[in-house]
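Data block below; observations after.
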Amino acid sequence: MGAATKRVFRIERGVGKGATELSVVPDSSAQARHDEVMRALAGITNQMSPHEPLSQQVVDTCRYELQEAQKIKAELKDIHDAIAQTKREIATLHDAGRDDLNVSRMTDELGAIVEGTETATESILQAAEEIDTNADDLVAALKNTPHQGAASDIQEQVVKIFEACNFQDLTGQRITKVVNAFRFIEERVDRMMEIWGGIESFAGVEKVELPERANHQELLNGPALDDDEDVASQCDIDALFD
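Under our numbering, the first residue of the sequence shown is numbered -4, with each subsequent residue one higher.
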């Protein structure tokens, strides 16, 4: 078997014929592109580094805002509960369900007290004036008699009655202040109910449970007002004894 024949490429034939030997010439443009790519990467790296603390700042801001949102949510819940409780209290004030606890009823009762004391005081004053007139006649008739002093004492007592009847004016003024305060509260309650949609919006509101009265207190309703219905009058009571 003969020796292997070495294959000669065309480029090698050219060299063998006296052509100049090939040499590797460095590509300057490739090096420039490489340097440009490295500079671009370095620039990207420099741009990314400052964003790291910014990202942490964003996280901290989001965490703070989330905490604030949770606080606001809790406060809104408290406001909601307070409004619901307020509506319960207002509904209870507006419709207590019992005459002895109804604000409007109490206002009317106090007004009746003022009118009743005023009427009674006028009757007392009229009677005292009549007594005083009769006492004057007695003093004149009993002049220079042992009974003149007694007639004068009657006049002095009548003066005390007149002075004592001043209570009606003072008491009436004080009770009127209380009545006006009750009416002011009642008007504010009605106004608040209008703001929240009127009486219809309170239809489903659970009212505060009222304390129960003892058995013997169920009968202690006091005198009826003039505009009360389905109540026995004094004439009805007197008719029972006829």
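Just so it is clear, CB atoms sit at the ideal spot from N, CA and C, and this is done for glycine as well.
Here's the rule: buried if 16 or more other CB atoms are within 10 angstroms of the residue's CB, otherwise exposed. What is H89?
So H89 counts as buried.
Whose C-beta lies closer than 7 Å to the C-beta of T171 among residues of the same chain, with five residues either side of it excluded?
Around T171: V109.
Quick check: T102 and F177, are their CB atoms within less than 7 Å of each other?
In this structure, F177 lies closer than 7 Å to T102 by Cβ.
A136 beta carbon less than 7 Å from that of I149
Contact check for I149 against A136 fails: the beta carbons are separated by 7 Å or more.
Exposed unless 16 or more other CB atoms sit within 10 angstroms - verdict on M33
That one is exposed.
Proximal residues to C160 (C-beta, below 8 Å), its chain only, five neighbours per side dropped
Result list for C160: T116, I119, L120 and A123, in chain order.
Run through DSSP, which three-state label would V98 get?
Helix at V98.
Alpha carbon to alpha carbon, what distance is there between C57 and A69?
Our two residues, A69 and C57, have alpha carbons roughly 18 Å apart in a direct line.
Whole-Å CB distance - T112 paired with Q163, under 8 Å assumed
Their Cβ separation, rounded to whole angstroms, is 5 Å, which keeps T112 and Q163 in contact under 8 Å.
For my contact list, E182 and V98 are in at a C-beta cut-off of 8 Å; report their separation, rounded to the angstrom.
Taking the Cβ atoms as the reference, E182 lies roughly 10 Å from V98, outside the contact range of under 8 Å.
Three-way DSSP call (helix, strand, coil) for N161 in this model:
DSSP places N161 in helix when its eight states are reduced to three.
Would you kindly check if the distance between the Cβ of V184 and the Cβ of L105 is under 7 Å?
Taking 7 Å as the cut-off, the Cβ atoms of L105 and V184 do not count as close.
Given I78 as reference, the closest of E204, I190 and F236 once Cα atoms are compared:
Residue I190 is the option with its Cα nearest to I78.
G13 classed as buried or exposed, judged by whether at least 16 other C-beta atoms fall within 10 angstroms
Any reading at G13 needs caution, since the residue's pLDDT is 47, under 50, leaving its predicted position unreliable; the model's value is listed next. Label assigned to G13: exposed.
Return yes when the Cβ of M188 is within less than 7 Å of the Cβ of I194, no when it is not.
The answer is yes: Cβ separation under 7 Å.
Would you say F177 touches the ligand GTP, meaning its beta carbon is less than 6 Å from a heavy atom?
Here there are no bound small molecules, and the ligand GTP is not part of this structure.
So, helix, strand or coil for T140, using DSSP?
DSSP places T140 in the coil class of the three-state scheme, outside both helix and strand.
Take T128 as the anchor and find which of V153, A64 and G144 has the nearest alpha-carbon.
With distances taken between Cα atoms, T128 lies closest to V153.
If you count every other CB in all the chains shown that lies within 10 Å of the CB of A25, and 16 or more means buried, which is it?
Around the CB of A25, fewer than 16 other CB atoms lie within 10 Å, so the residue is classed as exposed.
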